[in-house]
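Numbering (my numbering), first residue to last: 166 to 341.
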Amino acid sequence: MTHSIRTDTDMDRLGGLRSLRDTASHYALLPLRIFLGVTFLYAGLNKLTDSAFLKSAGTGSIGDTMRAARDSAAVPALIDLALKSPVGFGCGIALGEVAVGIGTLLGLFGRLAALGGALISLSLWLTVSWATTPYYYGNDLAYLMAWLPLILAGAPYLSLDAAWRTRRRRRSGGYR
């Protein structure tokens, strides 16, 4: 009597149920995607609706925040560039966060959204939170690291990217 080893793909084709471990592995990045998507969407909307934030000067303004961080930033030139139009820069960051949050939550261009989130986090780490001591008290570096798995994996499940991929496969007859 011979025994064959069945793979997950064989089990799926045969209508078998996945094990709990396989299911957990399959959806492992979903909680991270939801957390980052909600966080960046909220951050962007919060900035856009905060009357103090989108000003060149004053308590809580993007301008004063950047001027305060300039001398301790790893790359002060980034702040100098942003200070040429602090309100425009603040709007750009806020709209970028909204776009990243929506893209991440919907799984729309998942890798591109994750790359946008990583770039925002990197720019904030190199400027505003660079001087945080010890480094692990600052959250921008942690956000940067959290985006990396989503850059690598994209949004392969429960996403518009996955729905479009499935639709293309069905149309081309290559669905498996």
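Note that CB positions come from ideal geometry on N, CA and C, so glycine has one too.
Here the structure is a predicted model, which is why all the values come from computation and not from measurement.
Residue of the options minimising C-alpha distance to residue i
i      : options                           : result
Ser237 : Tyr301, Val293 and Asp305         : Val293
Met310 : Gly281, Asp187, Ala239 and Ala222 : Gly281
Met231 : Trp312, Gly261 and Leu291         : Leu291
Exposed unless 16 or more other CB atoms sit within 10 angstroms - verdict on residue i
i      : result
Pro251 : buried
Leu317 : exposed
Val265 : buried
Gly319 : buried
Ala328 : exposed
Ser286 : buried
Ala193 : exposed
Leu179 : Any answer about Leu179 is weak, because its pLDDT of 49 lies below 50 and its placement is not dependable; what the coordinates show is given next. Leu179 is exposed by the Cβ-count criterion.
Ser337 : exposed
Ser216 : exposed
Asp245 : exposed
Sequence-distant residues of its chain with Cβ nearer than 8 angstroms to residue i (five each side left out)
i      : result
Thr297 : Gly303
Asp326 : Gly272, Leu273, Phe274, Gly275, Gly319 and Ala320
Cys256 : Leu213 and Leu219
Ser184 : none
Gly225 : Asp215, Ala217 and Phe218
Cut-off 6 angstroms between Cβ atoms - residues of its own chain near residue i, not counting five sequence neighbours on either side
i      : result
Gly268 : Phe274 and Ala278
Lys212 : Phe218 and Ala259
Nonlocal neighbours in the same chain, by C-beta distance under 7 angstroms from residue i, ignoring five residues either side
i      : result
Val263 : Leu206, Gly209 and Leu210
Arg171 : Residue placement at Arg171 is flagged as unreliable, the pLDDT there being 47, under the threshold of 50; the coordinate-derived value follows with that caveat. Taken in chain order, the list of residues that qualify is empty.
Arg198 : Thr269, Leu315 and Ala320
Trp295 : Ser237, Ala238 and Ala239
Thr221 : The residue you asked about is not Thr; residue 221 is Ser in the sequence shown. Counting only Cβ-Cβ distances below 7 angstroms, and skipping sequence neighbours, we find Gly228, Pro251 and Val252.
Endpoints, alpha helix (DSSP H) assigned at residue i
i      : result
Trp295 : It is not in any alpha helix (DSSP H) - Trp295 carries neither H nor E in the DSSP assignment.
Leu243 : Pro241 to Ala247
Thr188 : Leu185 to His191
Pro196 : Leu195 to Thr214
Thr333 : Checking the sequence shown, residue 333 turns out to be Arg, not Thr. Counting along the chain, the alpha helix (DSSP H) containing Arg333 begins and ends at Leu325 to Ser337.
Tyr308 : Asp305 to Ala318
Asp229 : Ile227 to Ala234
Gly266 : Pro251 to Leu271
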